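Residue numbers (UniProt numbering): 1 to 176.
Ideal Cβ placement from N, Cα and C applies to all residues, glycine included.
These numbers were taken from a predicted model, which means no experiment stands behind them.
Below you can see the structure in the form of structure tokens.
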């Protein structure tokens with residue numbers, strides 16, 4: 001059974017009350033472990049206020065380092081096993097980022113292109129699909145190189161606000 005998640009997005013931090021929406025449909029049949037972890041993170045409000053810190057046009061938009069660094073220790077360092085890739089990483093699909101086998105924690109990404117299928121062979125199992133608001137995702141602030149992840153994990157939003165105040169962020173993420 002699929003579950004819908006609603007992301008309320010702040011595209012421009014100078015206008016924090018101007019919210020845009022992205023709707024995602026989570027498919028446990030595609031990647032059961034990834035879907036379960038993602039929904040737990042949503043229930044814990046893990047992604048609320050999280051910066052979208054790696055945005056590479058025509059490739060991906062990534063987030064998953066929380067506003068509060070203590071939450072990263074709880075979830076980001078608590079890894080889950082890999083799922084088998086059942087769906088291809090195509091435009092609008094979502095997968096967990098990983099640094100190797102059985103190393104998925106809390107960082108996820110949206111694929112911007114159908115040219116992301118090379119990620120399938122690398123074990124990036126799709127667990128969800130953007131069903132509404134993909135045009136919002138395409139407006140995320142570009143950040144191709146990404147931040148110093150160690151500093152971001154240690155400091156949370158204090159790091160992002162000081163060093164990258166222009167970043168798009170997730171105001172809230174809730175199950176619909």
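Given 8 Å as the limit, is there contact between the segment 131 to 141 and the segment 27 to 46, that is, 3 or more CB pairs closer than that?
No, they do not touch.
Can you check the UniProt domain "PPIase cyclophilin-type" (17 to 141) for any beta strand (DSSP E) of at least 3 residues that lies completely inside it and give the ranges in chain order?
Given a length threshold of 3 residues, each whole run of the beta strand (DSSP E) inside the UniProt domain "PPIase cyclophilin-type" (17 to 141) is given here in chain order: 19 to 26, 52 to 56, 60 to 63, 93 to 96, 108 to 111 and 126 to 132.
Using a 10 Å radius around the Cβ and a threshold of 16 neighbouring Cβ atoms, would you call residue 175 buried or exposed?
Within the chain shown, numbered from 1, the residue matching residue 175 stands at position 175. Exposed, by the Cβ-count rule.
What's the gap between the Cα of residue 60 and the Cα of residue 120?
Numbered from 1 along the chain shown, position 60 holds the residue referred to as residue 60. Numbered from 1 along the chain shown, position 120 holds the residue referred to as residue 120. If I take the Cα positions, the gap works out to 14 Å.
Buried versus exposed, by CB contacts within 10 Å (16 or more), residue 129:
Taking the chain shown and counting its residues from 1, the one referred to as residue 129 is at position 129. Classification of residue 129: buried, given that the 10 Å Cβ count is 16 or more.
Under three-state DSSP, which class holds residue 161?
In the chain shown, counting from the first residue as 1, residue 161 sits at position 161. When DSSP states are grouped into helix, strand and coil, residue 161 belongs to the helix group.
Exposed or buried, which one is residue 58 when buried takes at least 16 other CB atoms within 10 Å?
If you number the chain shown from 1, residue 58 lands on position 58. Exposed, because fewer than 16 other Cβ atoms sit within 10 Å of the Cβ of residue 58.
DSSP state of residue 153, grouped into three classes?
Here the question's residue 153 lines up with position 153 in the chain shown. DSSP, reduced to helix, strand and coil, places residue 153 within a helical segment of the structure shown.
Buried or exposed: residue 110, going by 16 or more other Cβ atoms within 10 Å of its Cβ?
Reading the chain shown from its first residue, position 110 is the one you call residue 110. That one is buried.
With three or more beta-carbon pairs closer than 8 Å as the criterion, would you say the segment 72 to 89 touches the segment 30 to 38?
By the Cβ test, the segment 72 to 89 is in contact with the segment 30 to 38, since at least three Cβ pairs between them sit closer than 8 Å.
Among all the DSSP beta bridges, which residues are the ones paired with residue 168?
By 1-based counting over the chain shown, the position of residue 168 is 168. Bridge pairing for residue 168: absent [DSSP].
On the CB-based measure, 16 or more other CB atoms within 10 Å of its CB, does residue 64 come out buried or exposed?
Position 64 of the chain shown, counted from the start, is the residue given in the question as residue 64. So residue 64 counts as buried.
Same chain only: Cβ atoms within 6 Å of residue 132, ignoring 5 sequence neighbours per side:
Here residue 132 refers to the residue found at position 132 of the chain shown. Residues of the same chain with a CB within less than 6 Å of the CB of residue 132, apart from the 5 flanking positions on each side, are 23 in chain order.
Can you list, in chain order, the residues of its chain whose CB lies under 6 Å from that of residue 10, leaving out five sequence neighbours each side?
Within the chain shown, the letter at position 10 stands for residue 10. The residues are 16, 169 and 171.
With burial defined as no fewer than 16 other Cβ atoms inside 10 Å of the residue's Cβ, what is the status of residue 143: buried or exposed?
Indexing the chain shown from 1 puts residue 143 at position 143. Buried, since its Cβ has 16 or more Cβ neighbours within 10 Å.
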